[in-house]
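To start, the structure itself, in structure tokens.
Residue numbers (the numbering used here), protein chains in the order written: chain A, 162 to 569; chain B, 326 to 422.
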């Protein structure tokens, strides 16, 4: 099996249009959550907060390429370009068929999906629909648009598993490079914020509704006053590369991907399941050949839902006890759903590089049901050699990825 | 379609579609321009051109065979003029916004 490293990163988030603005924002303890003007026109929508990213410089993408892109694809193209530049790879190097692109999302572009049905349904008339709506609405819109834009001719795939989408994308990229099927894969996830997206969680009583007047205080992962998730948007892309290739071109290496597992609970469509999460974490570590005491940091899924946080804390306690530092980044940028695994892994790699663990924003008093694990509530200096990233999605889908620092 | 539109108004309205929907600079919008070779529209753009023209002129032309023979921007102007002269049934009710 080949070894696989991360040699480039790119991000668009509610804290800014690149990786430095994301990391700096978190370092400064800033929340990008705000009250969403206009959302109160949706009857029955209780959560009126979100973490929107700014769409900018999209005209830098030529019209012919841009026409098939909604917000999430534009974010994805911008993050992918950053990752390529960060890795020091030229476009010509990824058109050989040995380079792929795996980008996940919960669904296609929410804005385009809404526009499509708003256009078509009143008169049930298809003749008003533009040709481009299809390409913006399909679930693989981000992966397809990035591949088209960059001229990628290898494996192009879209993992769609809600909040586990991008971790599955990274895990799949890791697997196909290990198997020797690709040398380089741009992996990640992209998502766009839309009232109908928040509504889908709102209907399931999973959103934060009690902080509409005080948005920066929510979401509150693991906190006693947590009341649900806050949707965000953006894109995180990581360039995965076969170790020898990265080594030979003297690439900067963020970390080596050493373990991955995704497994379902087979139990409940929305409720997290402790046993299956425990199994997923253990299998991910077993595949990496590490044990819980080797893990220096756990980047939690921690969305701030009442049930999800409790079950994740229970699972972490069962596997790791209270010694391994744990934090969630959702308080800063909201829950970016299909992009969260990639965006939060990118920030975790920055923590690994800087030797500091960023705390869980808005965690002021740990919920009774979330105790017994090492919550990081203020910046913590720590040498992280190995870390694990968790993602747990609706549909009972769990995923965990283990990354190890590459010692010079 | 508004029956009192002048030729100049029709040309201006078609040009607006090319500027707004296809981001083509005004100075390139000359009647002799081939919409495929010069203005670089492709088959997908033609679908969207028809949708945009239907909206602009409140007509229903998606199945009009004459669209297939359009080559230049001048052909587009002529096509819309023809529609006007034929007194195409206003689809205003259909296009109420």
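Quick reminder that beta carbons are idealized off the backbone N, C-alpha and C, glycines included. All values derive from a computational prediction rather than experimental measurement.
**Item:** Sub-8 angstroms separation of residue 208 of chain A and residue 368 of chain A beta-carbons
**Value:** Indexing the first chain from 1 puts residue 208 of chain A at position 47. Indexing the first chain from 1 puts residue 368 of chain A at position 207. Contact: yes.
**Prompt:** Cβ of residue 387 of chain B less than 8 angstroms from any chain A Cβ?
**Reply:** Along the second chain, read from residue 1 onward, the residue named residue 387 of chain B stands at position 62. Yes, its Cβ sits closer than 8 angstroms to a Cβ of chain A.
**Request:** Just tell me which of A:338, A:391, A:180, A:188 has its CA closest to the CA of residue 542 of chain A.
**Result:** For the purposes of this step, residue 542 of chain A is identified with residue 381 of the first chain, where counting begins at 1. The option with the nearest alpha carbon to residue 542 of chain A is A:188.
**Item:** Contacting positions in the stretch 280-292 of chain A - beta carbon closer than 8 angstroms to chain B
**Value:** Taking 8 angstroms as the cut-off between beta carbons, the residues of the stretch 280-292 of chain A near chain B are 284, 286, 288, 289, 290, 291, 292, in sequence order.
**Request:** Mind listing, in chain order, the continuous alpha helix (DSSP H) runs of no fewer than 4 residues lying wholly within the stretch 418-461 of chain A?
**Result:** Runs of the alpha helix (DSSP H) lying entirely within the stretch 418-461 of chain A and spanning at least 4 residues, in chain order: 435-449.
**Message:** I'd like to know if residue 224 of chain A contacts chain B, where contact means its C-beta is closer than 8 angstroms to some C-beta of that chain.
**Reply:** Here residue 224 of chain A is taken as the residue at index 63 of the first chain, counted from 1. Taking 8 angstroms as the CB threshold, residue 224 of chain A lines the interface with chain B.
**Asked** Measuring CB to CB, does residue 276 of chain A end up less than 8 angstroms from residue 344 of chain A?
**Response** In the first chain, the residue the question calls residue 276 of chain A occupies position 115. In the first chain, the residue the question calls residue 344 of chain A occupies position 183. Not closer than 8 angstroms, so no.
**Message:** For residue 465 of chain A, tell me which candidate among A:457, A:172, A:493 has the shortest Cα-Cα distance.
**Reply:** Position 304 of the first chain, counted from the first residue, corresponds to residue 465 of chain A. Selected option, being the one with the closest Cα: A:493.
**Backbone secondary structure at residue 310 of chain A - three-state DSSP** = Start at 1 with the first residue of the first chain, and residue 310 of chain A comes out as number 149. Residue 310 of chain A falls in the helix class under three-state DSSP.
**Asked** Mind pulling the beta strand (DSSP E) runs of 3 or more residues that sit fully within the stretch 231-269 of chain A?
**Response** Qualifying beta strand (DSSP E) stretches, in chain order: 260-265.
**Message:** Can you tell me which residues form a DSSP beta bridge with residue 496 of chain A?
**Reply:** By 1-based counting over the first chain, the position of residue 496 of chain A is 335. Note: residue 496 of chain A is bridge-paired with A:392 in the DSSP secondary-structure output.
**Message:** Tell me the residue span of the beta strand (DSSP E) that contains residue 551 of chain A.
**Reply:** Your numbering for residue 551 of chain A matches position 390 in the first chain. DSSP places residue 551 of chain A in the uninterrupted beta strand (DSSP E) bounded by 547-554.
**Prompt:** Just the Cα atoms here: how many angstroms apart are residue 422 of chain B and residue 512 of chain A?
**Reply:** Walking along the second chain from the start, residue 422 of chain B turns up at place 97. Walking along the first chain from the start, residue 512 of chain A turns up at place 351. Because the pLDDT of residue 422 of chain B is 41, which lies under 50, any placement of that residue in the model is unreliable, and the number read from its coordinates should be weighed accordingly. If I take the Cα positions, the gap works out to 52 angstroms.
**Asked** When burial is assigned at 16 or more other CB atoms within 10 Å of the CB, is residue 433 of chain A buried or exposed?
**Response** By 1-based counting over the first chain, the position of residue 433 of chain A is 272. Residue 433 of chain A should be labelled buried.
**Asked** How many Å lie between residue 361 of chain B and residue 371 of chain B at the Cα?
**Response** For the purposes of this step, residue 361 of chain B is taken as the residue at position 36 of the second chain. For the purposes of this step, residue 371 of chain B is taken as the residue at position 46 of the second chain. Taking the straight line joining both Cα atoms gives about 9 angstroms.
**Request:** Starting from the C-beta of residue 195 of chain A, find all residues in its chain whose C-beta is less than 6 angstroms away, skip the five residues before and the five after it, and write them out in chain order.
**Result:** If you number the first chain from 1, residue 195 of chain A lands on position 34. Here residue 195 of chain A has 376 as same chain residues with Cβ atoms under 6 angstroms from its own Cβ, once five neighbours each way along the sequence are excluded.
**Asked** Exposed or buried, what is residue 417 of chain B when buried is set at 16 or more other beta-carbons lying within 10 Å of its beta-carbon?
**Response** By 1-based counting over the second chain, the position of residue 417 of chain B is 92. A caution first: residue 417 of chain B carries a pLDDT of 44, below 50, which makes its placement in the model too unreliable to give a value.
**Asked** Could you give the residue range of the beta strand (DSSP E) that holds residue 175 of chain A?
**Response** As a position in the first chain, residue 175 of chain A is number 14, starting the count at 1. From DSSP, residue 175 of chain A is part of no beta strand (DSSP E); its letter is neither H nor E.
**Request:** Quick one: using the 10 Å Cβ neighbour count with 16 as the cut-off for buried, is residue 259 of chain A buried or exposed?
**Result:** For the purposes of this step, residue 259 of chain A is taken as residue 98 along the first chain, with counting starting at 1. Per the 10 Å Cβ criterion, buried.
**8 angstroms Cβ cutoff, residue 364 of chain B in contact with chain A** = Within the second chain, numbered from 1, the residue matching residue 364 of chain B stands at position 39. By this cut-off, residue 364 of chain B is not an interface position.
**Request:** Could you please give me the residues that DSSP links to residue 359 of chain B through a beta bridge?
**Result:** For this step, residue 359 of chain B is matched to residue 34 along the second chain. In the DSSP assignment, the residues bridged to residue 359 of chain B are B:397.
**Prompt:** Beta carbon of residue 265 of chain A, beta carbon of residue 212 of chain A: below 8 angstroms?
**Reply:** Locating residue 265 of chain A in the first chain gives position 104, where the first residue counts as 1. Locating residue 212 of chain A in the first chain gives position 51, where the first residue counts as 1. Using a Cβ distance threshold of 8 angstroms, residue 265 of chain A and residue 212 of chain A do not count as a contacting pair.
**Request:** Compare the beta carbon distance of residue 307 of chain A and residue 262 of chain A with 8 angstroms and say whether it is the shorter of the two.
**Result:** In the first chain, residue 307 of chain A corresponds to position 146, counting from 1. In the first chain, residue 262 of chain A corresponds to position 101, counting from 1. Contact flag set, yes.
**Asked** Can you give the Cα-Cα distance for residue 192 of chain A and residue 437 of chain A, rounded to whole angstroms?
**Response** As a working mapping, residue 192 of chain A is identified with position 31 in the first chain. As a working mapping, residue 437 of chain A is identified with position 276 in the first chain. Taking the straight line from one Cα to the other gives about 32 angstroms.
**Item:** residue 563 of chain A to residue 421 of chain A span [Cα, whole Å]
**Value:** Residue 563 of chain A sits at position 402 when you count from the first residue of the first chain. Residue 421 of chain A sits at position 260 when you count from the first residue of the first chain. Straight-line Cα distance between these residues: approximately 6 angstroms.
**residue 447 of chain A, buried or exposed, once every other Cβ within 10 Å from all chains shown has been counted against 16** = The sequence position of residue 447 of chain A within the first chain is 286, counting from 1. The residue is exposed, with fewer than 16 neighbouring Cβ atoms inside 10 Å.
**Request:** Give the C-beta separation of residue 487 of chain A and residue 534 of chain A to the nearest angstrom, bearing in mind that I take them to be a contact with Cβ-Cβ under 8 angstroms.
**Result:** Here the question's residue 487 of chain A lines up with position 326 in the first chain. Here the question's residue 534 of chain A lines up with position 373 in the first chain. Confirmed, about 5 angstroms.
**Prompt:** Along chain A, which residues have their Cβ under 9 angstroms away from the Cβ of residue 376 of chain B?
**Reply:** Within the second chain, residue 376 of chain B is the residue found at index 51, counting from 1. Annotation: Cβ neighbours of residue 376 of chain B in chain A (cutoff 9 angstroms, chain order): 288, 289, 290, 291, 292.
**Prompt:** For residue 561 of chain A, which three-state DSSP category applies?
**Reply:** Residue numbering aside, residue 561 of chain A sits at position 400 when the first chain is read from its first letter. Three-state DSSP puts residue 561 of chain A in a strand.
**Prompt:** Which residues in chain A sit within 8 angstroms of residue 379 of chain B, going by Cβ to Cβ distance?
**Reply:** Looking up residue 379 of chain B in the second chain gives position 54. At a beta-carbon threshold of 8 angstroms, the residues of chain A lying near residue 379 of chain B are 288, 289, ordered along the chain.
**Prompt:** What first and last residue would you give for the beta strand (DSSP E) that runs through residue 356 of chain A?
**Reply:** Counting from one through the first chain, the residue named residue 356 of chain A turns up at place 195. That residue, residue 356 of chain A, is in no beta strand (DSSP E); its alpha helix (DSSP H) goes 356-363.
**Asked** Any idea if residue 301 of chain A is buried or exposed, counting beta-carbon neighbours within 10 angstroms, 16 or more meaning buried?
**Response** Working through the first chain from its first residue, we reach residue 301 of chain A at position 140. Residue environment analysis places residue 301 of chain A among the buried positions, since at least 16 neighbouring C-beta atoms fall within 10 angstroms of its C-beta.
**Prompt:** Rounded to a whole number of angstroms, what is the C-alpha to C-alpha distance between residue 294 of chain A and residue 238 of chain A?
**Reply:** Position 133 of the first chain, counting from 1, holds the residue named residue 294 of chain A. Position 77 of the first chain, counting from 1, holds the residue named residue 238 of chain A. Residue 294 of chain A and residue 238 of chain A: Cα-Cα distance of roughly 18 angstroms.
**Message:** If we define contact as Cβ-Cβ less than 8 angstroms, is residue 354 of chain B a contact residue for chain A?
**Reply:** Looking up residue 354 of chain B in the second chain gives position 29. Residue 354 of chain B does not count as touching chain A.
**C-alpha distance - residue 173 of chain A paired with residue 373 of chain A, whole-angstrom precision** = If you number the first chain from 1, residue 173 of chain A lands on position 12. If you number the first chain from 1, residue 373 of chain A lands on position 212. Taking the straight line from one Cα to the other gives about 25 angstroms.
**Request:** Under 8 angstroms by Cβ, that's how I've got residue 315 of chain A and residue 330 of chain A pegged, so tell me the actual separation to the nearest angstrom.
**Result:** The residue labelled residue 315 of chain A in the question sits at position 154 within the first chain. The residue labelled residue 330 of chain A in the question sits at position 169 within the first chain. At roughly 14 angstroms, the Cβ-Cβ gap does not stay under 8 angstroms, so residue 315 of chain A and residue 330 of chain A are not in contact.
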